[in-house]
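Student: Take this structure first; my questions come after.
There are 2 protein chains.
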Amino acid sequence: MKIIETIPQLREELRKYKAQGNTIGFVPTMGYLHQGHLSLVEQSKKENDRTVVSIFVNPAQFGPGEDFDRYPRNLEMDERLLKELAVDVVFYPAVKEIYPGGYATYVEVGKWGNVLCGKSRPTHFRGVSTVVLKLLNIVSPTCAYFGRKDAQQAIIIKKMVKDLNLEVTIHTIPIVRDPDGLALSSRNANLSPEERKVALSLSRALEKAKTEIAHGLRDASAIKDLIRKEIDKYPLVTIDYVEVVSLDALEQIKTITLDNTLVAGAIWAGKTRLIDNFTLGEI
Amino acid sequence: MKIIETIPQLREELRKYKAQGNTIGFVPTMGYLHQGHLSLVEQSKKENDRTVVSIFVNPAQFGPGEDFDRYPRNLEMDERLLKELAVDVVFYPAVKEIYPGGYATYVEVGKWGNVLCGKSRPTHFRGVSTVVLKLLNIVSPTCAYFGRKDAQQAIIIKKMVKDLNLEVTIHTIPIVRDPDGLALSSRNANLSPEERKVALSLSRALEKAKTEIAHGLRDASAIKDLIRKEIDKYPLVTIDYVEVVSLDALEQIKTITLDNTLVAGAIWAGKTRLIDNFTLGEI
């Protein structure tokens, strides 16, 4: 496994793979890898000749006052995990390699970036789209892999790839959860034992909503109320948002359909913001 | 010469060239071709195995009330001219091929798009960057060619290509002029005989400024005053802007340097907006 820190060195390595006719799978991450990330890597390994994983905590997707500095990092652990999976290349660039002095270009997917998480994090998806576009241009992979926990992110990336005519296939991979149901997130490392317990409120509430939908409930307002009430039973937790939107346009819907619905929520457990969701239909 | 209207057909044709190991030169245009465009095509022919020219009047770079509808079009004439130069492919997409329903993704080069022409045309460079990025992704050329008459456009495209890590070389080609000095522009076709005469004011004023700089004048304000006064001698012309900025950052400068200066102006001759410039240093 090679660890590469600069764009020219990465391109040189990738040229070799391409000269051999290899397909390339790409998994962009912010590191502090958990089984969610590793399931993306495993899928890429299955479907491609070569797999490249990037580890880059992208400052452009954090707003002022957000947790860029507190975001957990552990390169040694990440390297060990990726080596076990026989990844070909880890791309680990410095911030100035991605955003050199005078950097000025940003891509936005219009209103898609202004709803759900984009409401509380106004420049977040601009940062996500921009860094993913850059990484896709640098790696030029056959396929790229994104987790469904960040459903809005996956939907926006697929939309950007389509709108900008990029020749890469985007695959999305199911959420991986702890045994008690908490969606895996690098940010879970920042939870105190007490916060860890109540963080469960979100996945529990979503699970309950899912059951009600399975029993026939279709009213989006009723589903949102149910989720909010369930979360409110827990102490120390505040709700950022609970939304029911269409999967294909991220627009608010009144009636749930079984093939085009995203039910998503975000909560604060102490200083840590956590998200979770389920979908009816495919991203 | 093939005329191709859809993205999949173009990609199929380009795959053949790439399988043959051909280099590809790309000249994006809005059609109604003049010798300025043709000099770009000639340069591409010299430097590449294959040359692709796109003809697409890009609605995204026209603001509301601008001359999208009045922009001159003549595909037959364009085809004839490009056939004479033995261009390989003309890509002539419909608007819905480039911007299908629900299109939402735009790229911007920050403050670079808000000065000079961007001041009077606030969404213009967003439209330019976006369509050029899309076309570069579709064609994936070795080199792409842009005219220096649209100096700000060329500078912004080079900046975008660098910032977004695109693997294409951007070449810029000198302004081509009528014998009396008027910079060639498709929009010159919209000038009445009277407007055509006074349109010369801009190139004449810039020529005078150039001479003063050659004689030692370095004060940017004095240069701007001189250009404004010269243009004001002509009837029927109004000034949109006259600016002296750095070539590498499009920032206002007080003192002219011989290696990093763009002197640019825009005027209205009747309903037609015309631009011209000269540079000290290379774009």
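Residue numbers (the numbering used here), protein chains in the order written: chain A, 12 to 294; chain B, 12 to 294. The beta carbon of each residue, even a glycine, is placed where N, CA and C say it ideally should be.
1. Could you round the C-beta distance between THR124/B and ILE167/B to whole angstroms and report it? I think they count as a contact, below 8 Å.
2. Tell me whether the stretch 97–104 of chain B and the stretch 17–30 of chain B touch, counting them as touching only if at least three CB pairs, one residue from each stretch, are closer than 8 Å.
3. When you compare the CB positions of VAL209/A and TYR156/A, do they come within less than 7 Å of one another, or not?
4. Using DSSP with H/G/I as helix, E/B as strand and the rest coil, what is ARG284/B?
5. The alpha helix (DSSP H) with ALA210/A in it runs from where to where?
6. Could you check where the beta strand (DSSP E) with PRO39/A kicks off and where it finishes?
7. Rounded to whole angstroms, what's the CA-CA distance from ARG207/B to THR283/B? Just pull it up for me.
8. Any C-beta of chain B within less than 7 Å: which residues of the stretch 61–86 of chain A qualify?
9. What three-state label does DSSP hand TYR82/B in the structure shown?
10. Is the Cβ-Cβ distance between VAL172/B and PRO152/B less than 7 Å?
11. Do VAL120/A and THR183/B have their CB atoms nearer than 7 Å?
12. Who are the neighbours of LEU144/B on chain A, taking C-beta pairs under 7 Å?
13. From GLY42/A to PRO83/A, what does the alpha carbon distance come to, in whole angstroms?
14. According to DSSP, simplified to helix, strand and coil, what is THR141/B?
15. According to DSSP, is GLY276/B part of a helix, a strand, or is it coil?
16. If we ignore side chains and look at the alpha-carbon of each, how far apart do LYS94/B and GLU77/B end up?
17. Over the uninterrupted alpha helix (DSSP H) stretch that includes GLU58/A, give me the two end residues.
18. Using a Cβ-Cβ distance under 7 Å, would GLU119/B count as near chain A?
19. Cβ of MET171/B less than 7 Å from any chain A Cβ?
20. Is it buried or exposed for ARG61/B, if we count other Cβ within 10 angstroms and need 16 for buried?
21. Locate the beta strand (DSSP E) running through VAL118/B, then write down its first and last residues.
22. List the residues of chain B that ILE149/A touches, going by C-beta distances under 7 Å, in chain order.
23. Check this for me: beta carbons of VAL126/B and LEU285/B, under 7 Å apart or not?
24. Closer than 7 Å by beta-carbon distance: list the chain B residues that pair up with TYR114/A, in chain order.
25. State yes or no: is the C-beta of LEU213/B within less than 7 Å of the C-beta of GLY276/B?
26. Expressed to the nearest angstrom, what Euclidean distance is found between the alpha-carbon atoms of ASP243/B and ALA194/B?
27. So, GLU254/B versus LYS219/B, is the Cβ gap smaller than 7 Å?
28. At the 7 Å Cβ level, is TRP279/B part of the contact set with chain A, yes or no?
29. Any idea which residues DSSP pairs LEU291/B with across the strands?
30. Could you tell me which of ALA280/B, ILE278/B and ASP259/B sits nearest to LYS114/A, measuring between CA atoms?
31. Note down, in chain order, every chain B residue with its Cβ under 8 Å from the Cβ of LYS122/A.
32. Thinking just about the alpha-carbon of each residue, which of ALA216/A, HIS226/A, SER197/A and ASN201/A is nearest to the one in ASP236/A?
33. I need the straight-line Cα distance from THR268/B to LYS221/B, nearest angstrom please.
34. For VAL142/A and ALA71/A, I'd like the C-alpha separation in whole angstroms.
35. Report the residue from ARG159/B, LEU44/B, ASN59/B and GLU293/B whose alpha carbon sits nearest the alpha carbon of GLY32/B.
36. Taking the alpha helix (DSSP H) that ILE66/B falls in, what are its first and last residues?
Tutor: On the basis of the data shown:
1. Checking the displayed sequence, the identity of residue 124/B turns out to be Gly instead of Thr. Right, their Cβ atoms sit about 6 Å apart.
2. Verdict: yes, contact present.
3. A distance of 7 Å or more separates the beta carbons of VAL209/A and TYR156/A.
4. Under the three-state reduction of DSSP output, ARG284/B falls in the strand class.
5. That run of the alpha helix (DSSP H) goes 204–225.
6. From DSSP, the beta strand (DSSP E) with PRO39/A extends over 35–40.
7. Cα to Cα, ARG207/B sits roughly 10 Å from THR283/B.
8. Within the stretch 61–86 of chain A, contact with chain B at the beta-carbon level (separation under 7 Å) is assigned to no residue.
9. Assigned with DSSP and collapsed to three states, TYR82/B falls in coil, not helix or strand.
10. No.
11. Not in contact: VAL120/A and THR183/B (Cβ atoms no closer than 7 Å).
12. In chain order: LEU175.
13. Their Cα atoms are separated by approximately 8 Å.
14. DSSP places THR141/B in helix when its eight states are reduced to three.
15. In this structure, GLY276/B counts as strand in the three-state DSSP scheme.
16. In this model, LYS94/B and GLU77/B are separated by some 31 Å (Cα to Cα).
17. In the DSSP annotation of this structure, the continuous segment of the alpha helix (DSSP H) that includes GLU58/A starts and ends at 46–58.
18. Yes - at least one Cβ of chain A is within 7 Å of the one on GLU119/B.
19. Yes, MET171/B counts as interfacial toward chain A.
20. Its Cβ being crowded by 16 or more others within 10 Å, ARG61/B is buried.
21. Where VAL118/B is concerned, the enclosing beta strand (DSSP E) stretches over 117–119.
22. Result: ASN176.
23. Pairing VAL126/B with LEU285/B gives a Cβ-Cβ distance that is not under 7 Å.
24. The answer, in chain order, is ASP174.
25. Yes. Within cutoff.
26. Answer to the nearest angstrom: the Cα atoms are 19 Å apart.
27. Contact flag unset, no.
28. Taking Cβ atoms only, chain A never reaches closer than 7 Å to TRP279/B, which makes this a no.
29. THR272/B.
30. A small fix is needed here, since residue 114/A is Tyr in this sequence, not Lys. When the alpha-carbon of TYR114/A is set against those of ALA280/B, ILE278/B and ASP259/B, the nearest one is in ASP259/B.
31. Neighbourhood of LYS122/A in chain B, by CB distance below 8 Å: ALA115, in chain order.
32. Of ALA216/A, HIS226/A, SER197/A and ASN201/A, the residue nearest in Cα terms is ALA216/A.
33. Their backbone Cα atoms lie some 12 Å apart in a straight line.
34. Distance between the alpha carbons of VAL142/A and ALA71/A is about 8 Å.
35. When only C-alpha atoms are compared, the closest one is ASN59/B.
36. Not the alpha helix (DSSP H): ILE66/B falls in the beta strand (DSSP E), residues 61–66.
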